[in-house]
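Residue numbers (the UniProt record's numbering): 1 to 1114.
What follows is the structure, given as structure tokens:
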């Protein structure tokens, strides 16, 4: 062993040039055979030659002995106390001694070795202050604590001597914090005292030179108590962990996803650039940060600037209606508070009072009346409670930016939960009618607004720039610290001009009156400073108030006579916004300085000033600006997290490559965890695909990329090994015997593009769809085109790759009816002139769109003159003849026959997909994914015959059972005849052996392993006896029953037994893996542990199963 350690040390010496060496462990040797053994082997000092030679050759020494010369103490004691040795050592270089603050030997639980504690304190250790107190939700499981808090609520609420309700509320929060801290410390202290007393007594016995028989018995008893204490701790942790896993494991929960979070770069601010030099002094950093933010949040508001701005736009500012105004002005009710509470997210950090949303929701029934009266009083007095005014700012570094620069830190304010409830009430009211005044050019924070519209508009301008006659420039504006610099009086003035009532404006004013914050730093907090401007990032109402402010900029730019907007094929367009991300569309570069000059008026009034260094310019055409500008001109711009490039071939690589590689790395990191196949499927959706959805909403996705994404995900599902089930089957739903796996083309990209198409049809007059509307009008409009039998490559117009892909997915799901009465001659893949389909708007306007319109009553093609007479159309004979000749004769004959044998009315076909209107709400994402999956994977499941006697609900209900996911995986494999028994592996992969693991004689089929084998039969006999002994009757067991589950009229019994069947199959599977015979007593013990875990679960089904198991164990 020492030779191996020597080799390892030599390798490390080559890698790390240091004299600091520290080794620790059980060396199974004692340094001194006389001093370190009892009984000793020699009568005088006798150093162990092997260990001594190793220590001397490495310049090491025995740290404990150096600190405790002459002391006799042992790290290993034989259970009967007859033999003791100091085998466990810390060996270190002499240079480490000055860092050693403590070294000791102490008893340990569940082992006959002791703990050798070594503490090293680095020089110049920085003393960090503790974080703010945060409520520990584990206290809520203590009935005594809960009762005391409820009593506290009642007592303070009814104690008028404290003062007003606001004073009582503040006192209540103080007392809860005080009591929670005291209670936690008391519980911890009691446990530590008991444990310390045990350790003291054990160590006292262990340090005795000689022990009597009574001493040995006492030592064994004390050690047993210590072992029992730690067993209970471990068992409790094990039970809680199992319960947590049953509740949230392999589900879309933060608990599950946080399991594999890598240690990320620390976000704390330990270094800062101050006066162009890097500073690490904590006091200087704190002073600089306080100075910066106290100045940032200091008001520079001038009433005259505000008046000047509002005077220019007042005639154009819309007003909210009376209904919305009354909603906002109405008194706050208990229902409002209930709704606001439900909006709180459970995992969000609390403010400085430390009381979390979990605390409020748990005690809401007892405290809501108290809180309601406090809020009413606060509004009446027009001032928040003291703690509601306070915020704690956490500085979050911006991604991919130097966090040493203070401008690259985003201030997020942690606010107390009572404040957030009030703010949610305000936000809920604003959401009711804010779209009355916020126009469609603002895409942020409102329902049915999409960030992707902003991106698609810019991409359309570049993809169809040949249709833009103006020189055209796109100016991307960046406002410096926009949320943090908007002036409070300007917000209130804006609300007044938009028509909000005085009561509501006073309520908003309340949020910003006399408020203050401090900055959270790793070494404490900064001094407090007042917040006299800016809206708190972290306040639920802030985003909505902010877009009210930015709407005024949009109004100002749209009605500004000094700036020429971009002409979008006949329509002027000047601005799009997503919160503060503002984009201007200008006629030419000469408009840029004019626009910047006009914006300065808005800046002076609102406090939002441009950061010219970060503003960027993109020319629509490939040309250089005609005038010199102080703004960077780019060919590639990152806009709303999408890299927009003029080079269409680069867009996919720029926006998808890094995402797919990151997803692949994350999935690989999850491979080390023993997840079930359902867990791995879930991760392909959340880690493998979710990040790709955002860019797919607005960008073309090539087949190469689609195949690459699918390959990464499907390989991960099967752990980069052989795929047990073909792709056609796993994408099917659980009801059909599949795994509900997402195919990126069908389930993501296709449905996304079709939802864009649906939105386009339903909102064709929306400014965001102006470009595609004008383009597709050249083909009769998007709705008419979709009804035609078109071929994308033969359309007579040039389409962007994005729009081509949209049409491609439409062709995939829409089935054309080739009736002569509905089949159009326009955009028809079979009717071509110069290899392109045709569309003549003037003909369409005169009602000509089918072959039947070109025939007379006898089915003959109209002559040119007759055609002109019938329709009164101005058309050359040459053009008419070309159209007639382009129509295939077979199509004309079919039309002629229809006139003879049918009297159907000529009508345009409907946009129906599988009996659903494509434009309707029923044609949702789920439906579209199902249709696309059927088209891409049309063949039926090969194993479908297995389920012919069972309905789909029975085949899927196990997914919600409160049992471990791995048990459900085994059930799925047995259910679908893909369990990897030896016979299955022999047939599928030609593996040699196929004899049973248990009996080693018969062929190991799935049925044999889980039912027919003598060992399994014995297990199931005991299983059945156990149930019948508890008066639970059910049909005799067959393999079909064990495989699929039991169906009975008593649903409680059915639910309990079917859970046990799955757990039992999982137990047999584990026995097979361990190559041991399944013993029912061991299985029963596992069920007992499951019962203990279910007792800690909050799921209804867990309680149902617990009730059934309690019946079995009575």
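Heads up, the beta-carbon is just placed ideally off N, CA and C, and yes, glycines get one too.
Uninterrupted beta strand (DSSP E) stretches at least 3 residues long and entirely within the segment 430 to 517 occur at 473 to 477, given in chain order. In this structure, the CA atom of residue 9 is about 13 Å from the CA atom of residue 92.
Take residue 244, set aside five residues on each side of it, and no residue of its chain has a beta-carbon closer than 6 Å to its own. Nearest to residue 434 by alpha-carbon distance, out of 383, 490, 5, 499, is 499. Boundaries of the alpha helix (DSSP H) around residue 810: 801 to 813. Nearest Cα to residue 24 within the set 598, 1000, 117, 214: 117. A straight line joining the alpha-carbon of residue 479 with that of residue 788 spans about 47 Å.
For the pair residue 161 and residue 377, the CB atoms are not nearer than the 8 Å cut-off.
Each of 395, 471, 906 was checked against the Cα of residue 519, and the nearest Cα belongs to 395.
Per DSSP, reduced to three states, the secondary structure at residue 833 is strand. If the five residues before and after residue 676 are omitted, its C-beta is found closer than 7 Å to the C-beta atoms of 250, 965, 966, 968, 969, all from its own chain and listed in chain order.
In terms of Cα proximity to residue 5, the closest of 556, 57, 32 is 57.
Exclusion of the five residues before and after residue 706 leaves 744, 745 as the residues of its chain whose Cβ lies within less than 6 Å of its Cβ. At least 8 Å separates the beta-carbon of residue 1005 from that of residue 1036. Looking at the backbone, the Cα of residue 399 and that of residue 410 are separated by about 10 Å.
The segment 190 to 207 makes contact with the segment 216 to 229: 3 or more CB pairs, one atom from each, lie closer than 8 Å. At least 8 Å separates the beta-carbon of residue 758 from that of residue 875. Between the segment 553 to 563 and the segment 309 to 318 there are three or more C-beta pairs closer than 8 Å, enough to call the two in contact. Nearest neighbour of residue 175 by Cα position, chosen from 194, 190, 154, turns out to be 154.
Residue 100 has 120 as its beta-bridge partners, per DSSP.
Contact check for residue 717 against residue 681 passes: the beta carbons are separated by less than 8 Å. Judged by DSSP in its simplified three-state form, residue 890 adopts helix. Closest in C-alpha terms to residue 658, from the list 688, 646, 632, comes 688. In the three-state DSSP reduction, residue 1043 falls in the helix class (H, G or I). Here residue 572 carries a strand assignment [DSSP, helix/strand/coil]. In the structure shown, residue 332 falls within a coil segment according to DSSP collapsed to helix, strand and coil. Burial state of residue 991 is exposed, judged by a 10 Å Cβ sphere holding fewer than 16 other Cβ atoms. With contacts defined as CB atoms closer than 8 Å, residue 1095 and residue 1112 fail to qualify as a contacting pair. Counting only runs that start and end inside the segment 145 to 189, there is no beta strand (DSSP E) element of at least 3 residues.
In the three-state reduction of the DSSP assignment, residue 827 falls in the coil class, being assigned neither a helical nor a strand state. For residue 94, the number of other beta carbons within 10 angstroms of its own is below 16, and it is reported as exposed. Assignment of residue 647 by DSSP, reduced to helix, strand and coil, places it in the coil class.
Taking 4 residues as the minimum length, the alpha helix (DSSP H) runs contained wholly in the segment 726 to 766 are 727 to 730, 751 to 762, in order along the chain.
Secondary structure note for residue 1102: its alpha helix (DSSP H) is the uninterrupted segment 1100 to 1113.
DSSP, read as helix, strand or coil, puts residue 21 in coil. Only residues of its own chain outside the window of five on either side were considered, and among them 107, 219, 222, 223, 226 have a CB closer than 7 Å to the CB of residue 202, listed in chain order.
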